[in-house]
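For the first sequence, the positions run 3 to 428 when the numbering used here is used. For each residue, glycine too, the CB sits at the ideal point set by N, CA and C. Computed from a predicted structure; not experimentally measured.
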Amino acid sequence: MLELSFIRNNSDEIKNTLKKRLQNDKLEILNSLLKEDKKWRENRQKADKLRHKRNVLTEQINRLVNKKQNAATQISEAKKLAQQIKNAEETEKKTIKKIKPHLLNLPNILHKSVPTGKSEKDNVQLKKWGEPVKKNKISHHGEFAEKNKWANFKTASKISGAGFYFLSKELALMEHALIRLALDHLISKNFSLVNPPLMMRKNFYEGIVDLEAFENVMYKIEGSDLFLIPTSEHPLAAMHFNEIINSKELPLKYAGFSPCFRKEIGKHSIDERGLFRVHQFYKIEQFVFCLPQDSWKMHEQLLQNTEELIKKLKIPYRVMNLCSADVGNVASKTFDVEAWSPRENKYIEIASVSNCTDYQANALKIRYRKGKEKEILHTLNATAIPTSRTLRLIIENFQTDNQTIRVPKALQEHMNGLKEIPLKKK
RNA sequence: GCAGGGGUGGCGGAGUGGUUUAACGCGCAAGCCUGGAAAGCUUGUGUUCUUCGGAACGCGCGAGUUCAAAUCUCGUCCCCUGCGCCA
Numbered sequence: 003m004l005e006l007s008f009i010r011n012n013s014d015e016i017k018n019t020l021k022k023r024l025q026n027d028k029l030e031i032l033n034s035l036l037k038e039d040k041k042w043r044e045n046r047q048k049a050d051k052l053r054h055k056r057n058v059l060t061e062q063i064n065r066l067v068n069k070k071q072n073a074a075t076q077i078s079e080a081k082k083l084a085q086q087i088k089n090a091e092e093t094e095k096k097t098i099k100k101i102k103p104h105l106l107n108l109p110n111i112l113h114k115s116v117p118t119g120k121s122e123k124d125n126v127q128l129k130k131w132g133e134p135v136k137k138n139k140i141s142h143h144g145e146f147a148e149k150n151k152w153a154n155f156k157t158a159s160k161i162s163g164a165g166f167y168f169l170s171k172e173l174a175l176m177e178h179a180l181i182r183l184a185l186d187h188l189i190s191k192n193f194s195l196v197n198p199p200l201m202m203r204k205n206f207y208e209g210i211v212d213l214e215a216f217e218n219v220m221y222k223i224e225g226s227d228l229f230l231i232p233t234s235e236h237p238l239a240a241m242h243f244n245e246i247i248n249s250k251e252l253p254l255k256y257a258g259f260s261p262c263f264r265k266e267i268g269k270h271s272i273d274e275r276g277l278f279r280v281h282q283f284y285k286i287e288q289f290v291f292c293l294p295q296d297s298w299k300m301h302e303q304l305l306q307n308t309e310e311l312i313k314k315l316k317i318p319y320r321v322m323n324l325c326s327a328d329v330g331n332v333a334s335k336t337f338d339v340e341a342w343s344p345r346e347n348k349y350i351e352i353a354s355v356s357n358c359t360d361y362q363a364n365a366l367k368i369r370y371r372k373g374k375e376k377e378i379l380h381t382l383n384a385t386a387i388p389t390s391r392t393l394r395l396i397i398e399n400f401q402t403d404n405q406t407i408r409v410p411k412a413l414q415e416h417m418n419g420l421k422e423i424p425l426k427k428k
């Protein structure tokens with residue numbers, strides 16, 4: 003959520019961002035917001051004056067009552083004020099109610115290094131790593147997993163629906179290995195590990211998540227205002243809600259671990275037989291609170307951490323600088339890390355690294371203290387490893403001709419030393 | 001789930017309808033002092049609006065009573081204690 007005072011003084015910058023993001027329809031929201039804000043401030047002054055009058059009268063009454071003198075005149079005068087104040091306050095409330103949704107609708111300001119573009123096709127490739135191998139004969143990862151009894155999509159979809167899966171045996175073990183690999187890596191970089199709540203109240207998502215997520219992405223718990231988390235990013239952000247953090251303690255670096263629950267209604271369909279677009283997966287997330295002047299450097303560092311992990315897995319990847327139309331509303335700039343899929347002969351999205359600047363922290367009132375100053379700090383989030391997609395890419399990239407998978411070296415120590423799965427029968 | 005107690009600034013903690021409308025302490029910051037530091041002293045330290053004089057709001061959150069609410073009433077969330085239930 004943008005700061006109201008920022009919006010007042012920087013409407014041109016916001017207009018510019020809206021145009022770049024292809025959200026011209028929101029120009030009206032901005033105008034209406036500025037209008038309502040002006041109205042609110044005018045009404046505020048009117049109400050303040052009335053309340054001041056009442057306070058003066060109250061003080062007089064107070065003095066008279068203490069001296070045991072008659073205050074009837076003042077009391078009746080104050081009574082007359084009551085209705086006027088009530089009216090003014092009601093107008094105030096109404097205006098605020100109009101302003102709030104507008105605030106939630108405006109996206110974060112794009113960083114100047116974000117390329118202008120119209121769709122994901124305009125994302126700019128920053129770097130490439132590894133040798134993408136084209137393979138003609140490669141099994142579909144889902145079928146391959148089913149054949150080895152590592153996954154059961156049929157039964158899962160019967161009992162839970164499409165987009166769910168049972169994982170078993172070596173593949174289930176590999177999921178744990180991936181989690182452990184990511185956690186160890188982040189802990190070695192001084193991140194502190196957090197297992198957050200898996201459900202969170204609606205008001206803590208407001209202003210830190212895209213509005214559409216409530217409808218399209220998040221599962222609501224019936225009979226309460228709790229939502230299942232689509233990523234540990236959200237409870238990690240909310241963890242320091244309404245706090246003032248001493249600048250000496252910054253940056254705060256967290257490694258969040260949780261299952262992620264997503265409805266994903268929208269442009270993309272759910273995988274019938276696969277581990278790519280699913281309703282549930284595990285994710286290790288990097289989340290950072292830092293000083294505003296440090297956030298862009300931190301953004302690069304988080305990307306580097308994510309890259310290091312994929313390099314450890316030896317999966318070829320490339321890094322994309324998302325263009326203006328593709329950066330999410332909450333972020334100011336986002337890198338996507340895309341890993342190579344030999345089956346599809348293309349790179350597919352596996353991680354996302356965002357600097358949300360003060361957008362989330364403003365909504366959650368997370369500030370830092372530096373001398374006398376108190377300011378909103380910056381938040382960043384980045385995928386370390388998402389399990390299901392990574393498992394798919396391992397199955398595809400390390401399939402051998404004799405229908406086994408080489409276990410990436412970095413995972414072997416977390417898989418009882420297994421070098422290849424399934425074990426060949428002698 | 002039931003009963004009782006509670007929620008006050010960055011923290012601890014006063015205040016139980018009306019005396020400048022959050023005392024006092026700690027922490028933090030700036031200044032003085034110092035060769036430098038510590039200690040000490042002084043000042044500052046909730047939010048918003050403002051015509052920069054001030055003003056309004058603020059005691060978990062939301063309603064209400066009253067001329068006036070941290071204080072009274074109702075709802076709600078959370079914490080503590082005890083009992084119950086449970087993996």
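How many angstroms separate the CA atom of Tyr361 from the CA atom of Leu4?
Their Cα atoms are separated by approximately 6 Å.
At the level of alpha carbons, what is the spacing between Tyr349 and Glu340?
Spanning the two alpha carbons is a distance of roughly 5 Å.
Just how far apart, CA to CA, sit Gln85 and Arg56?
Gln85 and Arg56 have their alpha carbons spaced roughly 12 Å apart.
Give a yes or no on contact between the segment 147–167 and the segment 214–231, applying the rule of three or more CB pairs nearer than 8 Å.
Contact check between the segment 147–167 and the segment 214–231: fewer than three CB pairs, one atom from each, fall below 8 Å, which does not count as touching.
Compute the distance between the beta-carbons of His236 and Tyr207, then report whether it is under 7 Å.
Their beta carbons are under 7 Å apart, which means His236 touches Tyr207 by this criterion.
Roughly how many angstroms separate the alpha carbons of Ser354 and Asp328, rounded to a whole number?
Ser354 and Asp328: Cα-Cα distance of roughly 12 Å.
Report yes or no: do the segment 112–123 and the segment 314–321 share at least 3 C-beta pairs separated by less than 8 Å?
The answer is no - the segment 314–321 does not touch the segment 112–123, with fewer than three Cβ pairs under 8 Å.
Beta carbon of Phe291 nearer than 7 Å to that of Thr359:
In this structure, Thr359 does not lie closer than 7 Å to Phe291 by Cβ.
DSSP state of Leu4 mapped onto helix, strand, coil:
If DSSP states are grouped into helix, strand and coil, Leu4 belongs with coil.
Whole-angstrom Cβ separation of Ser334 and His104, contact assumed at under 8 Å?
Rounded, the Cβ-Cβ distance is 20 Å, inconsistent with contact.
Distance, Arg65 Cα to Ser297 Cα
Straight-line Cα distance between these residues: approximately 56 Å.
Phe263 and Gln282 - do their beta-carbons sit closer together than 7 Å?
Yes, Cβ-Cβ distance for Gln282 and Phe263 is below 7 Å.
Nearer than 6 Å: is that true of the beta carbon of Lys96 relative to any heavy atom of the ligand MN?
For the ligand MN, the structure offers nothing, since it holds no ligand at all.
Mapping the DSSP letters down to three states, classify Asp338 as helix, strand or coil.
Asp338: strand per DSSP, three-state reduction.
Within 10 Å of its beta-carbon, does Glu287 have 16 or more other beta-carbons around it, so buried, or fewer, so exposed?
Per the 10 Å Cβ criterion, buried.
Are the beta-carbon atoms belonging to Leu106 and Leu213 less than 7 Å from one another?
Closer than 7 Å, so yes.
His143 and Glu310: beta carbons closer than 7 Å?
No.
Given this structure, state the Cα-to-Cα distance separating Gln25 from Gly419, to the nearest angstrom.
Gln25 and Gly419: Cα-Cα distance of roughly 52 Å.
Exposed or buried, which one is Thr60 when buried takes at least 16 other CB atoms within 10 Å?
When all chains shown are included, Thr60 counts as exposed.
Taking the alpha carbon of Glu351 as the point to measure from, which residue in Glu377, Ile368 and Pro388 has its own alpha carbon closest?
Looking at the Cα atoms, Pro388 is the closest of the given residues.
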